[in-house]
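Engineer: I have a structure I would like to understand better, so I am pasting it below and will then ask my questions one at a time.
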Amino acid sequence: MSQLVVLGRRLWIAPEDPHLLPCVAATVRGPRCQNPVEYGQIMTVLEVQLGEAGYVNAYVAFGPDRAVAPRWLAQHCTVHDTPDAVDTDPTELRPFRLDT
Ligand SMILES: [Zn+2]
4 MSQLVVLGRR LWIAPEDPHL LPCVAATVRG PRCQNPVEYG QIMTVLEVQL GEAGYVNAYV
64 AFGPDRAVAP RWLAQHCTVH DTPDAVDTDP TELRPFRLDT
């Protein structure tokens, strides 16, 4: 079931619990990396206000959002958090919009 995630001070839709998102980068041997974006639970579910639309539950990362958001949005594990990483698959987080 899709889940909402706050990253980069914006709301995103993940296909499942974001802790289960796999890295999309290619390994040096070619196939897709098998690491999760992050080991362990670095997010908690909080109630987030959507202006006048009401409230939703969303995953929110502990600590400074700007420290983790770029890597999560790129869907790279800590090994592949490099500018030269090549992706084998598209990333899975989609922007949340109230009208969709
Ligand atoms: Zn990786």
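Residue numbers (the working numbering): 4 to 103. Even glycine gets a Cβ: it sits at the ideal position worked out from N, Cα and C.
Below 8 Å between beta carbons: does that hold for Trp-75 and Val-40?
Structural biologist: Numbered from its first residue, the sequence shown carries residue 75 at position 72. Numbered from its first residue, the sequence shown carries residue 40 at position 37. Their beta carbons are under 8 Å apart, which means Trp-75 touches Val-40 by this criterion.
Engineer: Assuming Pro-21 contacts Val-8 under a Cβ cut-off of 8 Å, what Cβ separation, rounded to an integer in Å, is found between them?
Structural biologist: For this step, residue 21 is matched to residue 18 along the sequence shown. For this step, residue 8 is matched to residue 5 along the sequence shown. Right, their Cβ atoms sit about 5 Å apart.
Engineer: Tell me the DSSP secondary structure of Val-105 in three-state form.
Structural biologist: The requested residue 105 does not occur in the structure, where the chain is confined to residues 4 to 103.
Engineer: Output needed for Val-71: all residues of its chain with C-beta closer than 8 Å, excluding positions within five of it in sequence on either side, in chain order.
Structural biologist: Indexing the sequence shown from 1 puts residue 71 at position 68. These residues qualify, in order along the chain: Leu-10, Glu-41, Ile-45, Ala-64.
Engineer: From the DSSP output, in three-state form, read off Glu-55 for me.
Structural biologist: The residue given as residue 55 occupies position 52 in the sequence shown. Note: Glu-55 maps to helix in three-state DSSP.
Engineer: Excluding five sequence neighbours on each side, which residues of the same chain lie with their C-beta closer than 7 Å to the C-beta of Ala-88?
Structural biologist: Along the sequence shown, one-based indexing puts residue 88 at 85. Excluding positions up to five away in sequence, the list reads Ala-28, His-79.
Engineer: Taking DSSP as the reference, what is the three-state secondary structure of Val-8?
Structural biologist: Residue 8 sits at position 5 when you count from the first residue of the sequence shown. Here Val-8 sits in strand by DSSP.
Engineer: If you draw a straight line from the C-alpha of Arg-35 to the C-alpha of Leu-96, how long is it?
Structural biologist: To locate residue 35, count along the sequence shown from 1; it is residue 32. To locate residue 96, count along the sequence shown from 1; it is residue 93. Taking the straight line joining both Cα atoms gives about 18 Å.
Engineer: Taking buried to mean at least 16 other C-beta atoms within 10 Å of its own C-beta, is Tyr-58 buried or exposed?
Structural biologist: The sequence position of residue 58 within the sequence shown is 55, counting from 1. Exposed, because fewer than 16 other Cβ atoms sit within 10 Å of the Cβ of Tyr-58.
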